[in-house]
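Trainee: Protein chains in written order, with the working numbering: chain D, 326 to 1042; chain Y, 10 to 192.
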């Protein structure tokens, strides 16, 4: 990709024409061969309409082959490090028989790209990928048709290599994609199910590719929202309450107003100071004298679980089968256990940032966001502007993990830009980032399960409270089972004292911790090796082969836990991908400190478009998972967040890292499943189970801090 | 300088002018930045990070926490890794400051940058400049670090995406390359 091509493409002025016809739209693109395609169902197109899209309305994605032979893909997806900027061009280039190097990406720009709900849920390759491949195949077909005409050769005799169409019988008869696209304006709709390449014909897909944005990122040229500069821009700092639910009682901005170059804005409850230097804005903020009414704290990180259980509403049955009563009767051993998980922060290194510029009745917002289109809707509502006059542009995002699905900072910047008439940047401090995070929710899981003495699972009665139901339904062969869920992971409200939201594989980390810990307890009760116990109770081929692949890589030798070796096992499913992990840990029984020495992870994800990218996502998941399993916990008192930076909220560090070994099952003939989240879901259970194997102590609450490990060890004695 | 005040109920904005009252004296600070002499006239107590990003417009140096806890803002001062978010610009007067933008030479990436690319030692890339410059500082002081020495030197730089093992591999590889006289 050309350096910064990502940001150079700009036809803002053209697409703001409110009556843009298809013909104008294609003209605006500069002609070439344009392939429209549709991702998802008609509701997606409806959302595009509602969002004030200027694009014609019968497609929601497109690509263009330009007269320079370059292919541009316009997508509402964003790049946050997950690698879509690398894997999407792989898919497109392979179907077009060209090189990913000629593919340019325009991502997350609401005026240039079709509507997209957001980049989350390991969905880009799963759901955007298949129609993209079909569009690539359609583009190739159009180019072949044009070449047949130009070369006077029947289509069947033509083939393509690296963007050059040639006659199979006379290789000198050839024409490039660039020459074919020159002077043409052709539009096509990709068919829903056109022939795409079979895996044996892949030249680019299923091959490892390095991150194509790496060069920009190691040289400091990659632009993030905070790196955007406009003449006359101001940096804003906003007055924040000390606690969620606090109300502003009194504010005196006079000392800040006396500072040179400071602009003070008061708009309702919003109090902001702005300056041409961000540090001076921060200094001005410190001079604001304010008083808030803080509601009395009724819950904290110690009492939250009791509080949650007091607020349990109606249970939704996720899945059930057989009869629980029958299961009870058939059970010779019954295990009842409660699992707890605290709030977690997303803690991306880039804080929420946005720059907004208002020109007349138009506003442009550059934002670090996973959801540019929903942010656009929020800005439309906040400013009262016409949807077609609001544009959100998403530069590189410095980590999201679900946390940047909420984009409050974009609205703040837009409001301040409107009020001051100047471009305004809002870059949250680390303290604001921890305060306004949409935390992974604290949750409780209660499980009653049963088995026979010879290790056949007979009963599974599962209740998850407030985590959400993703990953709650179990995949073991248990004849009598029921899984229910109360509350959701999203949106906060309910009994949570502050906002909660999607955190990488939402709900599944908590559910997999509970399920796989419980399965491990059952295996130990049956005095069986934890892998043998799982295999005995699995029927589905996918978790079986995944678990076997992990065991083989690890060099597993069966032994019932606790074996003293410190080996743990866990299996899970997320985004249609099965994952099996095996851990080796060392526990310092005196201090309670757990050292994870080795993690082996096998993943059944179907076709991996970029095995290099998939491997890196697995490594990232494993590393991030160490944090929620061992150290990360948001402490709070009522609406007051006590952990506000990296001094007390402990992320995994270089010294925390185990040896990581990954296996991706070779399944190129299967559809591509999700890859951004699965390998994180089993990190809690695999470590808990390894701690049990090392010591015999069972940890039932995350994070498994030294203090909790010492308590669990003491409880055994 | 304008005070903008809008009444909560109406949303009308009133503008007023105030007298300028400087808080700190501006001073002129000269230093070398990426091999070029620069002079800034500003309050010398301001953090180097914001002077680089705002006054000078070099945005490769990132803000992550503002408390020297994450390392995203790391720059080199006389070839040593320094957290620019807690370094007063006054303190680099007369010194040699290098940011990520100044690491390539004649369009050629530094061996550390190349190694980070070849090892895919990044994801979102936000911590990357700080990682590379911290590693640079390490290799200046210890050209052949062991894996444990790399971990110790890098341990206070945070990465949320989980590129750690690849970063260690990249640093080891770059150290070997640089020893070969390629730097």
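Idealized CB from N, CA, C, for every residue including glycine.
Roughly how far, in whole angstroms, is the beta-carbon of residue 912 (chain D) from the beta-carbon of residue 891 (chain D), given that I think they are within contact range, below 8 Å?
Mentor: 7 Å
Trainee: With residue 632 (chain D) as the anchor, note down where its alpha helix (DSSP H) starts and where it stops.
Mentor: 629-635 is the span of the alpha helix (DSSP H), which, as asked, contains residue 632 (chain D).
Trainee: Check the Cβ-Cβ distances between residue 82 (chain Y) and every residue of chain C, and say whether any is below 7 Å.
Mentor: Absent here is chain C; the protein component of the structure consists of chains D and Y.
Trainee: Would you give the residue range spanned by the alpha helix (DSSP H) that residue 1035 (chain D) belongs to?
Mentor: 1031-1041
Trainee: Taking residue 173 (chain Y) as part of the alpha helix (DSSP H), name the residues at either end of that continuous run.
Mentor: Residue range 173-188 is occupied by the alpha helix (DSSP H) that includes residue 173 (chain Y).
Trainee: Would DSSP call residue 1017 (chain D) helix, strand or coil?
Mentor: helix
Trainee: In chain Y, which residues lie less than 8 Å from residue 677 (chain D) when you measure between Cβ atoms?
Mentor: Going along chain Y, no residue has its Cβ under 8 Å from residue 677 (chain D), so there is no contact; the nearest lies around 12 Å.
Trainee: To the nearest angstrom, how far is it from the Cα of residue 394 (chain D) to the Cα of residue 427 (chain D)?
Mentor: 7 Å
Trainee: As a quick exercise: from D:594, D:901, D:856 and D:789, pick the residue whose alpha carbon is nearest that of residue 1000 (chain D).
Mentor: D:901
Trainee: Quick check: the segment 997-1016 of chain D against the segment 605-614 of chain D, are at least 3 beta-carbon pairs closer than 8 Å?
Mentor: no
Trainee: By how many angstroms is the C-alpha of residue 650 (chain D) removed from the C-alpha of residue 960 (chain D)?
Mentor: 40 Å
Trainee: What are the residues of the segment 933-951 of chain D that lie near chain Y, defined by any Cβ-Cβ distance shorter than 8 Å?
Mentor: Against chain Y - using a Cβ distance shorter than 8 Å - the residues of the segment 933-951 of chain D are 937, 941, 944, 945, 946, 947, 948 and 949.
Trainee: With residue 922 (chain D) as the anchor, note down where its beta strand (DSSP E) starts and where it stops.
Mentor: 919-929
Trainee: Quick one: which unbroken beta strand (DSSP E) runs of 3-plus residues sit fully inside the segment 495-566 of chain D? Chain order, please.
Mentor: 495-501, 510-514 and 559-563
Trainee: Quick check on residue 971 (chain D) - is its C-beta less than 7 Å from some C-beta in chain Y?
Mentor: yes
Trainee: Does DSSP classify residue 137 (chain Y) as helix, strand or coil?
Mentor: Of the three classes helix, strand and coil, the one that applies to residue 137 (chain Y) here is helix, per DSSP.
Trainee: Compute the beta-carbon to beta-carbon distance between residue 1043 (chain D) and residue 844 (chain D), rounded to the nearest angstrom, for a pair I have assumed lies under 8 Å.
Mentor: Lying outside 326 to 1042, the shown extent of chain D, residue 1043 (chain D) is not represented and no answer is given.
Trainee: Compare the C-alpha of residue 743 (chain D) against each of D:582, D:686, D:951 and D:722 and name the closest.
Mentor: Comparing Cα positions, the closest option is D:686.
Trainee: Considering only DSSP beta bridges, list what residue 584 (chain D) is partnered with.
Mentor: DSSP lists no partner for residue 584 (chain D).
Trainee: Would residue 674 (chain D) count as contacting chain Y if we go by Cβ distances under 7 Å?
Mentor: yes
Trainee: Looking at the structure shown, is residue 367 (chain D) part of a helix, part of a strand, or coil, going by DSSP?
Mentor: Only weak support is given to the placement of residue 367 (chain D): the predicted model assigns it a pLDDT of 49, under 50, and the value that follows is read from those uncertain coordinates. Note: residue 367 (chain D) maps to helix in three-state DSSP.
Trainee: Got a sec: is the Cβ-Cβ distance from residue 169 (chain Y) to anything in chain D below 7 Å?
Mentor: For residue 169 (chain Y), the nearest beta carbon of chain D is closer than 7 Å to its own beta carbon.
Trainee: Report, in whole angstroms, the separation of the C-beta atoms of residue 107 (chain Y) and residue 43 (chain Y), which I expect to be a contact under 8 Å.
Mentor: Rounded, the Cβ-Cβ distance is 6 Å, consistent with contact.
Trainee: At a CB-CB cut-off below 9 Å, which residues of chain D make contact with residue 152 (chain Y)?
Mentor: Result: empty, since nearest Cβ-Cβ is about 19 Å, beyond 9 Å.
Trainee: Between the segment 973-991 of chain D and chain Y, which residues of the former have a C-beta closer than 7 Å to a C-beta of the latter?
Mentor: 976, 978, 979, 980, 982 and 985
Trainee: Distance cutoff 7 Å, beta carbons only. Does residue 543 (chain D) sit that close to anything in chain Y?
Mentor: yes
Trainee: Between which two residues does the alpha helix (DSSP H) containing residue 879 (chain D) stretch?
Mentor: 866-879
Trainee: Taking 7 Å as the threshold (beta carbon to beta carbon), is residue 31 (chain Y) in contact with chain D?
Mentor: Caution is warranted here: a pLDDT of 42 is assigned to residue 31 (chain Y), below 50, making its placement in the model unreliable, and the coordinate value is therefore given only provisionally. The beta-carbon of residue 31 (chain Y) is placed less than 7 Å from the nearest beta-carbon of chain D.
Trainee: Quick check on the burial criterion: 16 or more other C-beta atoms within 10 angstroms. Buried or exposed for residue 577 (chain D)?
Mentor: A residue is called buried once 16 or more other Cβ atoms fall within 10 Å of its Cβ, and residue 577 (chain D), having fewer, is exposed.
Trainee: Counting only Cβ pairs nearer than 9 Å, list the residues of chain D close to residue 91 (chain Y).
Mentor: Chain D residues near residue 91 (chain Y): none, gap ~16 Å exceeds 9 Å.
Trainee: State buried or exposed for residue 642 (chain D), treating a residue as buried only when at least 16 other CB atoms are found within 10 Å of its CB.
Mentor: exposed
Trainee: Rounded to whole angstroms, what's the CA-CA distance from residue 172 (chain Y) to residue 524 (chain D)? Just pull it up for me.
Mentor: Residue 172 (chain Y) and residue 524 (chain D): Cα-Cα distance of roughly 30 Å.
Trainee: Please check if any C-beta of chain D sits within less than 7 Å of the C-beta of residue 129 (chain Y).
Mentor: So yes, residue 129 (chain Y) belongs to the interface.
Trainee: Looking at the unbroken beta strand (DSSP E) that takes in residue 805 (chain D), where does it start and where does it end?
Mentor: Membership of residue 805 (chain D) in the beta strand (DSSP E) is indicated by the continuous run 805-811.
Trainee: Please decide whether residue 788 (chain D) counts as near chain Y, where near means a Cβ-Cβ distance under 7 Å.
Mentor: Not one chain Y Cβ lies under 7 Å of residue 788 (chain D).
Trainee: Check residue 785 (chain D) in the structure and name its three-state DSSP category.
Mentor: strand
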